[in-house]
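Here the numbering used here runs 3 ahead of the position in the sequence shown, where the first position is 1.
Read through the structure below, which is laid out as structure tokens, and then see the notes.
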Amino acid sequence: MKPSASSWNSSLIRRAALDAFRKLDPRELWRNPVIFVTTLGAVLVTLTAVRDLFAGVLTGFTLQITLWLWFTVLFATFAEALAEGRGKAQADSLKRARAQTFARLLRGDHEERVAAPDLRRGDIVVCEARDIIPADGEVIEGIASVDESAITGESAPVVRESGGDRSAVTGGTRVLSDRIIVRVTVEPGGGFLDRMIGLVEGASRQRTPNEIALGILLVALTAVFLLVVATLPFFARFSEQLAGQPGAVDTSLPVLVSLFVCLIPTTIGGLLSAIGISGIDRLIRRNVIATSGRAVEAAGDIDVLLLDKTGTITLGNRQAVEFLPAPGIAAERLASAAQLASLADETPEGRSIVVLAKEKFKLREREVAAPHATFVPFAAQTRMSGVDLDGRSTRKGAADSVRTWVNAQGGVWPDEVAATVERIAKAGGTPLVVAEDRAVLGVIYLKDVVKGGIKERFAELRRMGIRTVMITGDNPLTAAAIAAEAGVDDFLAQATPEMKLARIRHEQAQGRLVAMTGDGTNDAPALAQADVGVAMNTGTQAAREAGNMVDLDSNPTKLIEIVEIGKQLLMTRGSLTTFSIANDVAKYFAIIPAMFAGLYAVSGGAGPLAALDLMGLHSPQSAILSAVVFNALIIIALVPLALRGVAYRALPAADLLRRNLLVYGVGGLVAPFLGIKLIDLALVTAGLV
């Protein structure tokens with residue numbers, strides 16, 4: 004999938020604006036209790052304004068309060084609609100990819116043309132070049148090149164074949180060459196594309212445990228402030244009687260509703276859904292599909308990462324790193340012979356030998372062609388390759404194979420070369436010996452190279468309090484060497500599926516949350532057991548069904564990014580919750596002093612409670628109106644942050660908490676004082692109060 008459009012794309016904004024009005028449907032609003040009661044308050048004030056209009060006593064203050072209460076509701080629904088709108092734009096492109104197709108269904112010995120939606124689990128279909136694969140399934144016969152760009156956004160074709168870990172195919176992708184027979188593994192509507200569309204549209208998004216817990220907290224705060232505001236008129240009447248000042252406290256319905264809406268956590272209430280949707284959206288833009296929001300949140304709380312060595316920590320292709328000449332042989336001669344023997348070797352190892360010789364000794368590639376040269380291709384039987392040129396034979400290959408060849412030529416195998424071969428093997432490397440006729444020239448050291456920057460990534464995870472465990476089938480000595488070079492905290496050598504599963508269960512028994520990646524059927528039990536199981540899209544159907552996330556790029560290091568996105572989601576929700584609650588404290592100092600400013604006043608002046616008006620606002624009406632306006636505007640102002648997420652920092656939880664309280668706690672207290680004061684000045688200047 005290609006990255007989504009900007010959040011502020013004009014078409015997205017228009018679509019979100021229309022959806023914001025549609026979300027005023029009570030059946031939609033009741034899912035968000037805070038905004039639901041805000042809407043009820045707006046309705047009550049609207050009815051009051053209509054009554055005053057017909058009575059001829061409607062004031063500008065009541066009219067403005069009514070409008071801004073509705074703006075508060077609309078800004079909240081707009082935030083959610085905008086977050087969903089980005090997903091809907093992606094869903095539209097996916098729906099285009101899921102064009103109506105037909106399948107060549109095998110019934111016995113003959114094919115039958117049927118519509119793709121009519122396929123059922125277990126059906127067998129045939130796909131040849133230029134055919135669109137009609138449904139998710141597994142290749143049970145044949146091998147083919149498949150274009151998966153409609154799903155992954157990657158134009159390079161991939162190979163799908165029966166057996167192994169590259170047998171899964173996705174409906175909507177196109178066969179480019181050859182012929183495969185596919186067994187359908189899903190029922191209609193349950194395919195990968197269908198699930199992706201449902202997820203990005205938000206239709207299948209379930210509220211996560213953290214969202215539910217936070218929702219309960221917000222409902223509790225709303226209920227508390229409802230009781231406070233409902234009982235306030237009685238305390239006001241009692242105080243007026245004691246002061247002998249009837250009517251000194253304004254407890255009209257517009258004022259009480261304004262106080263209530265400003266005190267309840269409308270900011271986080273309006274942004275909560277947008278934060279959750281955007282977390283999933285950020286994953287999707289990185290070509291990762293999460294089957295639930297719970298998995299995204301769990302990624303943010305991960306304590307242990309289990310990562311495969313090959314392809315994750317290392318490049319997966321052995322690279323030449325050093326030329327080790329035999330006694331009496333110049334290193335440059337060894338490099339030249341090794342390069343010559345590798346010119347026709349198109350494997351990554353062979354190309355790396357050519358590159359290393361060029362970098363170390365400035366040896367240029369030579370044009371060697373028949374009839375001057377006879378290339379000896381690599382064969383599994385000989386385990387050697389090489390070239391015969393100008394009467395000389397050069398060979399490169401496994402130590403025992405080259406030794407046999409040299410002995411057959413009447414040559415001698417040096418003890419020093421044997422020691423070098425043994426040393427490289429013990430260090431976890433691969434030794435390739437180079438010989439020319441009867442002379443052994445030396446050894447090429449091949450090494451599975453650790454990816455650049457991976458050690459720094461692991462150090463970053465360590466600062467976050469996450470422990471990394473490398474899983475490998477290598478022997479313990481090799482595993483220890485690579486683990487030390489990569490900077491992981493622990494390793495599991497000679498790992499079997501049972502060992503992986505046992506390690507995950509052991510970590511979970513200690514109260515830790517575990518994440519891991521996998522692509523094979525043998526990884527399925529561990530993926531299912533892990534709190535966050537990321538299956539590779541190139542893997543088997545069993546692996547994709549066992550995990551709770553699928554990486555469309557099949558890049559195992561993506562797991563690190565997934566953890567960062569999960570932590571960013573939790574950080575954003577926590578930061579904006581802190582900001583919202585701190586906001587309410589500041590708004591209290593704007594409205595309560597304004598309501599009670601005239602109580603116990605002498606000679607028509609301000610009463611002693613006016614001392615609480617820390618902002619020095621123009622009048623009680625301007626104070627209340629300014630607080631309501633700020634309460635609405637702050638929601639729309641924070642929409643970009645909710646969609647983008649709070650800047651991610653690799654810090655321990657305690658440091659993040661301190662920073663969160665400092666920036667968003669103190670900021671949430673200070674911002675309303677400044678904002679409400681500026682709005683008050685603007686309203687007075689414009690003559691609106």
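The beta-carbon is built from N, C-alpha and C at its ideal position, and this holds for glycine as well.
Integer-rounded CB distance, given that Thr75 should sit under 8 Å from Thr269
Numbered from its first residue, the sequence shown carries residue 269 at position 266. Numbered from its first residue, the sequence shown carries residue 75 at position 72. Sure, about 6 Å apart at Cβ, within 8 Å.
Alpha-carbon to alpha-carbon, Asn525 and Met539:
Within the sequence shown, residue 539 is the residue found at index 536, counting from 1. Within the sequence shown, residue 525 is the residue found at index 522, counting from 1. Rounded to the nearest whole angstrom, the CA to CA distance from Met539 to Asn525 is 13 Å.
Beta strand (DSSP E) containing Pro434: first to last residue?
Numbered from 1 along the sequence shown, position 431 holds the residue referred to as residue 434. DSSP places Pro434 inside the beta strand (DSSP E), whose first and last residues are Thr433 to Glu439.
Who are the Cβ neighbours of Ala3 in its own chain at under 7 Å, not counting the five residues just before and after it?
This structure cannot settle anything about residue 3, because the visible part of the chain is limited to 4 through 692.
Check each candidate in Ile183, Arg426 and Gly468 and name the one with the smallest Cα separation from Val307.
Walking along the sequence shown from the start, residue 307 turns up at place 304. Cα-wise, what sits closest to Val307 is Gly468.
Residue environment, Lys503, which counts as buried when at least 16 other CB atoms sit within 10 Å:
On the sequence shown, position 500 is the one that residue 503 refers to. Counting Cβ neighbours within 10 Å, Lys503 comes out buried, since at least 16 surround it.
Given that a residue counts as buried once 16 or more other Cβ atoms are within 10 Å of its Cβ, and exposed if not, what is Ala527?
Locating residue 527 in the sequence shown gives position 524, counting from the first residue. Residue burial is scored here from C-beta neighbours: Ala527 has at least 16 other C-beta atoms within 10 angstroms and is therefore classed as buried.
Under the rule that 16 or more other beta-carbon atoms within 10 Å means buried, what is Phe582, buried or exposed?
Position 579 of the sequence shown holds residue 582. Phe582 comes out buried.
Going by Cα to Cα distance, which pick from Ala147, Gly125, Arg124 and Ile143 is closest to Ile135?
For this step, residue 135 is matched to residue 132 along the sequence shown. Looking at the Cα atoms, Ala147 is the closest of the given residues.
Which residue from Glu87, Ala422 and Met552 puts its Cα closest to that of Ala301?
The count along the sequence shown starts at 1 and reaches residue 301 at position 298. The closest CA to that of Ala301, considering only Glu87, Ala422 and Met552, is found on Met552.
Three-state secondary structure (DSSP) at Phe381?
Here residue 381 is taken as the residue at index 378 of the sequence shown, counted from 1. It is coil, neither helix nor strand.
Among Thr407, Ala86 and Val40, which one has its Cα closest to the Cα of Val227?
For the purposes of this step, residue 227 is taken as residue 224 along the sequence shown, with counting starting at 1. For the residues Thr407, Ala86 and Val40, the minimum Cα distance to Val227 belongs to Val40.
Kindly identify the DSSP beta-bridge partner or partners of Ile474.
To locate residue 474, count along the sequence shown from 1; it is residue 471. Residue pairing by DSSP places Ile474 opposite Asp311 and Leu495 in a beta bridge.
Look at Gly648 and Thr580 and say whether their C-beta atoms are less than 7 Å apart.
Here residue 648 corresponds to residue number 645 of the sequence shown, with the count starting at 1. Here residue 580 corresponds to residue number 577 of the sequence shown, with the count starting at 1. No, Cβ-Cβ distance for Gly648 and Thr580 is not below 7 Å.
Who are the Cβ neighbours of Leu686 in its own chain at under 7 Å, not counting the five residues just before and after it?
Stepping through the sequence shown from its first residue, residue 686 is reached at position 683. For Leu686, where only same-chain residues beyond five positions count, the Cβ hits under 7 Å are Ser625, Leu628, Ser629 and Val692.
What's the C-alpha gap between Thr62 and His621?
The sequence position of residue 62 within the sequence shown is 59, counting from 1. The sequence position of residue 621 within the sequence shown is 618, counting from 1. The straight-line gap from Cα to Cα measures roughly 18 Å.
From Leu217, Gly44, Thr294 and Gly490, pick the residue whose C-alpha is nearest to that of Asp197; which is it?
Residue mapping note: residue 197 aligns to position 194 of the sequence shown, counting from 1. Restricting attention to Leu217, Gly44, Thr294 and Gly490, the CA atom closest to the CA of Asp197 is found in Thr294.
Beta-carbon contacts of Gln412 that lie in its chain and below 7 Å, excluding the five residues immediately before and after:
For the purposes of this step, residue 412 is identified with residue 409 of the sequence shown, where counting begins at 1. Cβ-Cβ distances below 7 Å link Gln412 to Asp440 and Arg441 in the same chain, with the five nearest sequence neighbours on each side left out; the list follows chain order.
Cβ pair Asp139, Thr188 closer than 7 Å
Along the sequence shown, one-based indexing puts residue 139 at 136. Along the sequence shown, one-based indexing puts residue 188 at 185. For Asp139 and Thr188, yes; Cβs fall inside 7 Å.
Quick check on the DSSP output: the beta strand (DSSP E) that includes Arg398 runs from which residue to which?
Start at 1 with the first residue of the sequence shown, and residue 398 comes out as number 395. Per DSSP, the unbroken beta strand (DSSP E) holding Arg398 starts and ends at Arg395 to Ala401.
Under 8 Å by Cβ, that's how I've got Ile584 and Cys265 pegged, so tell me the actual separation to the nearest angstrom.
Position 581 of the sequence shown, counted from the first residue, corresponds to residue 584. Position 262 of the sequence shown, counted from the first residue, corresponds to residue 265. Rounded to the nearest angstrom, the Cβ distance from Ile584 to Cys265 is 13 Å, too far for a contact under 8 Å.
Touch test, the segment 400 to 420 against the segment 451 to 464, Cβ-Cβ under 8 Å, three pairs minimum
Too few Cβ pairs lie closer than 8 Å, so no.
In angstroms with no decimal places, state the Cα-to-Cα distance between Leu516 and Leu562.
Taking the sequence shown and counting its residues from 1, the one referred to as residue 516 is at position 513. Taking the sequence shown and counting its residues from 1, the one referred to as residue 562 is at position 559. Whole-angstrom Cα-Cα distance: 14 Å.
Ala347 to Arg285 span [Cα, whole Å]
Within the sequence shown, numbered from 1, the residue matching residue 347 stands at position 344. Within the sequence shown, numbered from 1, the residue matching residue 285 stands at position 282. Between Ala347 and Arg285, the C-alpha separation is close to 44 Å.
What residue from Gly272, Ala613, Phe494 and Asp534 has the CA that sits closest to Ala512's CA?
Residue 512 sits at position 509 when you count from the first residue of the sequence shown. Closest in alpha carbon position to Ala512, among Gly272, Ala613, Phe494 and Asp534, is Asp534.
Coarse secondary structure for Lys26, derived from DSSP in three states:
Start at 1 with the first residue of the sequence shown, and residue 26 comes out as number 23. Assigned with DSSP and collapsed to three states, Lys26 falls in coil, not helix or strand.
Give the secondary structure of Ser148 by DSSP, where H, G and I count as helix, E and B as strand, and everything else as coil.
Counting from 1 along the sequence shown, the entry for residue 148 is found at position 145. In this structure, Ser148 counts as strand in the three-state DSSP scheme.
Give the DSSP-derived three-state secondary structure of Ile143 in the structure shown.
By one-based count along the sequence shown, residue 143 stands at place 140. Residue state, collapsed to three classes: strand.
Rounded Cβ spacing between Gly601 and Ala277 (contact assumed at less than 8 Å)
Against the sequence shown, residue 601 aligns to sequence position 598. Against the sequence shown, residue 277 aligns to sequence position 274. Actually they do not touch by this definition, with Cβ atoms about 41 Å apart.
Which residues in the same chain have their Cβ closer than 8 Å to the Cβ of Asp3, if we skip the five residues on either side of it in sequence?
One cannot answer for residue 3 here, as it falls past the ends of the chain, which runs 4 to 692.
Quick one: is Thr499 buried, meaning 16 or more other Cβ sit within 10 Å of its Cβ, or exposed?
Counted from its first residue, the sequence shown places residue 499 at position 496. Under this definition Thr499 is an exposed residue.
Contact between the segment 13 to 24 and the segment 80 to 89 is defined here as three or more beta-carbon pairs at a separation below 8 Å; is this criterion met?
Flag = yes, the segment 13 to 24 and the segment 80 to 89 touch.
Anticipated Cβ contact below 8 Å, Pro675 with Ala589, distance rounded:
For this step, residue 675 is matched to residue 672 along the sequence shown. For this step, residue 589 is matched to residue 586 along the sequence shown. Between Pro675 and Ala589, the beta carbon gap of about 4 Å places them in contact (Cβ cut-off 8 Å).
Start-end ranges of the alpha helix (DSSP H) lying completely within the segment 271 to 358, minimum 4 residues:
Residue ranges of uninterrupted alpha helix (DSSP H) with 4 or more members, entirely inside the segment 271 to 358 and ordered along the chain, are 296 to 303 and 334 to 345.
How far does the alpha helix (DSSP H) with Glu190 in it reach, from first residue to last?
Counting from 1 along the sequence shown, the entry for residue 190 is found at position 187. No alpha helix (DSSP H) contains Glu190, which DSSP labels as neither H nor E.
Could you check which residue in Ile457, Arg25 and Val390 has the C-alpha nearest to that of Glu488?
Walking along the sequence shown from the start, residue 488 turns up at place 485. By alpha-carbon distance to Glu488, the top candidate from Ile457, Arg25 and Val390 is Ile457.
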